[in-house]
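Notes for the one structure printed next.
In structure tokens, the structure reads:
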């Protein structure tokens, strides 16, 4: 078994795009070669372990605030009076 600890570095020109919701804390790659006991001779395996940290402020800004604003505008528009000629109560 070979353990490789890799440093998470933000690449300037990369084909993969990151995400603002998560931060990569740790990245570990472990290789299992076929000649080790308990493994088939023809199977080489690589296991990747990622440690991610969630940024809660991203979730609040992207999901919670827009949902609250849309809900308030919807309730306000339903309960606001339309005109004096139409005397229809939207609630009852």
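In the working numbering, the protein residues as written are -15 to 76. No residue lacks a Cβ here, since even glycine has one placed at the ideal position from N, Cα and C. Note that the structure is a prediction, hence the values are computed from the model and not measured.
Using three-state DSSP, classify residue i as helix, strand or coil.
i: residue 34; result: strand
i: residue 53; result: helix
i: residue 17; result: coil
Can you tell me the Cβ-Cβ gap for residue i and residue j, rounded? I've got them flagged as a contact below 8 Å.
i: residue 36; j: residue 7; result: 7 Å
Excluding sequence positions up to five away, which residues of its chain have a Cβ less than 8 Å from the Cβ of residue i?
i: residue 42; result: 4, 5
i: residue 39; result: 4, 5, 6, 7
Between the Cα of residue i and those of the options, spot the shortest distance and give me the residue it belongs to.
i: residue 30; options: 14, 52, 40, 45; result: 14
i: residue 16; options: 27, 65, 9; result: 27
i: residue 32; options: 57, 11, 44; result: 11
For residue i, I'd like the list of residues in its chain whose CB is within less than 6 Å of its CB, leaving aside the five on either flank, ordered along the chain.
i: residue 9; result: 35, 37
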